[in-house]
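A.B. asks: Structure provided below as structure tokens; questions to follow.
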Amino acid sequence: MSTNKSPTTGGVVFRRNRVDRRTLDSRHLKESIERAEFSLQLELWFGEQTNGNVLTLASTRTLQLNFHPGRGLHYHLPVLFDYFHLAAVSVGIHASLVALHQPYIK
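Residue numbers are given in full-length UniProt numbering: position 83 of the sequence shown equals residue 83, and the series is strictly consecutive.
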């Protein structure tokens, strides 16, 4: 049975990422940040209407994100989980480099 439902999630997540200083080369900082790998895993969970307390993982998608220190990261794309569940979400992702801090020296 297929239903055409379009729930609005409207979820907003704020996240701060830190890059390990051992992976950064201070002489080539821009290139080091560009080489950093960022990925976002999206999960589709299913719950029966009769038993709303139990959720099962139906499908996952992993997005590889390319970050540029000068331009940031800006994606807006539909994500189709799989053809069996016919579930898709529209995802908007925005990120920018806000600050660079010297590591604490003990």
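Using N, Cα and C, we set each Cβ at its ideal position, and we do this for glycine too.
Source: prediction; values computed, not measured.
Which first and last residues belong to the alpha helix (DSSP H) in which serine 32 is found?
C.D. replies: One-based indexing of the sequence shown puts residue 32 at position 32. That run of the alpha helix (DSSP H) goes 29 to 35.
A.B. asks: Which stretch, first to last residue, makes up the beta strand (DSSP E) that contains glycine 92?
C.D. replies: Mapped onto the sequence shown, residue 92 falls at position 92. First-last of the beta strand (DSSP E) with glycine 92: 88 to 95.
A.B. asks: For the beta strand (DSSP E) that phenylalanine 38 lies in, which residues bound it at each end?
C.D. replies: Numbered from 1 along the sequence shown, position 38 holds the residue referred to as residue 38. 38 to 47 is the span of the beta strand (DSSP E), which, as asked, contains phenylalanine 38.
A.B. asks: Cα-Cα, which of Leu29, Gly92 and Leu57 is closest to valine 13?
C.D. replies: Mapped onto the sequence shown, residue 13 falls at position 13. It is Gly92.
A.B. asks: If we ignore side chains and look at the alpha-carbon of each, how far apart do arginine 22 and asparagine 51 end up?
C.D. replies: Taking the first residue of the sequence shown as 1, we reach residue 22 at position 22. Taking the first residue of the sequence shown as 1, we reach residue 51 at position 51. Roughly 48 Å separates the two Cα atoms.
A.B. asks: Answer with buried or exposed for tyrosine 75, where buried requires no fewer than 16 other C-beta atoms within 10 angstroms of its C-beta.
C.D. replies: Here residue 75 refers to the residue found at position 75 when the sequence shown is read from its first residue. Tyrosine 75 comes out exposed.
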